[in-house]
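J.: One structure, pasted below without further comment.
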């Protein structure tokens with residue numbers, strides 16, 4: 117679960133005017149936090165052979181079409197198409213070698229496509245929303261813009277998946293798992309940009325990861341890490 121303090125902001129159908137979160141896990145032994153895996157191949161040249169060892173697994177949730185309190189992610193329609201998409205709420209399962217070579221699970225360059233699926237599920241909520249019997253899409257924006265409170269994002273996934281192409285991280289209870297969190301927020305009513313990301317890198321065991329409650333304050337608070345490492349930053353590197 118991610119817990120993030122902030123005013124309520126939601127615009128139906130416009131992801132960049134709503135909060136968005138992502139988790140990124142190291143898969144390949146040489147994958148770095150910096151440059152989303154760190155493969156040096158240029159756009160259009162990445163392959164599973166040339167970028168071997170730089171794989172990262174990404175879960176990205178953009179809530180612009182997601183009703184609060186409803187479950188999104190893997191579903192029978194997108195999984196039947198053999199990819200990590202989510203046509204309903206944009207909680208997608210992605211892999212990457214670098215920012216230019218990023219694909220839905222099951223898609224990608226020749227030789228790396230597969231019959232994959234979205235293994236993630238998740239939901240979101242804001243503490244200012246007081247109607248707890250369930251929202252419908254036509255009730256958007258569900259609450260009053262600017263209300264103070266806290267966003268909650270909760271995600272789940274099996275420890276192991278049927279991936280055969282280094283597109284999913286495989287978890288083992290009690291073993292270290294390297295993960296980075298990213299958060300986007302539309303400050304001042306303006307759509308967020310890529311440069312407005314709040315980032316946090318955590319290295320810990322899976323058992324403690326599932327109990328961890330992260331609270332990030334925005335805007336303008338960026339947690340920095342040294343280039344090419346997954347190690348968490350020291351407190352003095354925050355601003």
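Numbering (my numbering), first residue to last: 117 to 355.
From the three backbone atoms N, C-alpha and C, an ideal C-beta is built for every residue, glycine too.
#1: Measuring CA to CA, which of 207, 206, 176 and 217 is closest to residue 170?
#2: Who does residue 117 pair with in a DSSP beta bridge?
#3: Does the segment 198–213 come close enough to the segment 232–250 that 3 or more CB-CB pairs lie under 8 Å?
#4: Please list, in chain order, all residues of the same chain as residue 358 whose beta carbon is under 7 Å from its beta carbon, the five residues on each side excluded.
#5: Compare the Cα-Cα distances from residue 212 to each of 177, 154, 266 and 254 and report the closest residue.
#6: Using DSSP's beta-bridge definition, name the partner residues of residue 218.
#7: If contact is defined by three or more beta carbon pairs under 8 Å, each pair taking one atom from either stretch, is the segment 294–304 in contact with the segment 125–138?
#8: Can you look up residue 305 in the DSSP assignment and give me helix, strand or coil?
#9: Count the other CB atoms, across all protein chains shown, that sit within 10 Å of the CB of residue 175; report buried if there are 16 or more and exposed otherwise.
#10: In angstroms, rounded to a whole number, what distance separates the CA positions of residue 219 and residue 157?
#11: Smallest Cα separation from residue 272: which of 255, 165 and 239?
#12: Do residue 124 and residue 242 have their beta-carbon atoms positioned less than 8 Å apart in this structure?
#13: Between which residues of its own chain and residue 286 is the CB-CB distance below 6 Å, once the five residues before and five after are set aside?
T.: If we stick to the structure as given:
#1: Residue 217 holds the alpha-carbon nearest to the alpha-carbon of residue 170 among 207, 206, 176 and 217.
#2: According to DSSP, residue 117 bridges with nothing at all.
#3: yes
#4: Residue 358 is absent from the model: the chain starts at 117 and stops at 355.
#5: 154
#6: 212.
#7: yes
#8: Taken through DSSP and simplified to helix, strand or coil, residue 305 comes out as helix.
#9: buried
#10: 15 Å
#11: 239
#12: It is a contact, given that the beta carbons lie within the stated cut-off.
#13: Excluding residues up to 5 positions away in sequence, 276 lie with their Cβ nearer than 6 Å to the Cβ of residue 286 in the same chain.
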